[in-house]
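Per this note's numbering, the very first residue in the sequence shown carries number 12; after that it's consecutive.
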Amino acid sequence: MAAEIVRVTTEEQLRMGLDIRMKVFVEEQKVPAEEEIDEYDVIGSNAHHILLIDEGIPVATGRLIYYKSDAAKMQRVAVMKDYRTKGYGRVLLLALEEIARELGLETSILDGQCHAEPFYAKLGYEVISTEPFYDAGILHVRMQKAL
């Protein structure tokens, strides 16, 4: 795997990431489109988007928003179906964590789908929610990692 890590700075790059999310979350997981897109889906200082491109094909995306004064919240982590199990999710999350460190943040928080909990745990995240909760009709747990 030799994907290019792109920090999204153009509308075209943002659209590529949104297209991935529509395929993964809306088409595959049946998340309502109106719940998937929100006020952070813009280029600006309140959200930092990442895109992974493999041989010219956008394959993964994710974003970081500010959660608390010293914490980032990793969100909308999505990898195209044909590219899962190839390490792209790990690369994506590590790139988001690097941005968080550059921003001076000390903690990473995420709401991971329950089936993905082992993936996040391998990257050092620990469950901090007392029990699973529903987000967009899918069970999640809140997880945290010190940066």
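All C-beta atoms, glycine included, are put in the ideal place defined by N, C-alpha and C. This structure is a prediction, so every number in the text was calculated from the model and none was measured.
In whole angstroms, what is the alpha-carbon distance linking A147 and E45?
10 Å
Span separating the alpha-carbon of E113 from that of L107 | 10 Å
Span of the beta strand (DSSP E), counted from its first residue to its last, around F10: There is simply no residue 10 to check, as the chain begins at 12 and stops at 158 in what is shown.
Assuming D122 contacts R153 (C-beta within less than 8 Å), just tell me the rounded distance between them.
5 Å
Range of the contiguous beta strand (DSSP E) that encloses E15:
E15 to R18
Using only the alpha-carbon positions, how far apart do R74 and A58 sit? 7 Å
- Task: Flag this pair as yes or no: are the beta carbons of E47 and R26 separated by less than 8 Å?
- Result: no
Margin query: Pull the bridge partners of I149 from the DSSP assignment, please.
Written below: D146
Measuring CA to CA, which of A157, D30 and I16 is closest to I61? I16
Handout entry: Pair within 8 Å by beta-carbon distance, Y78 and I120
Key = yes
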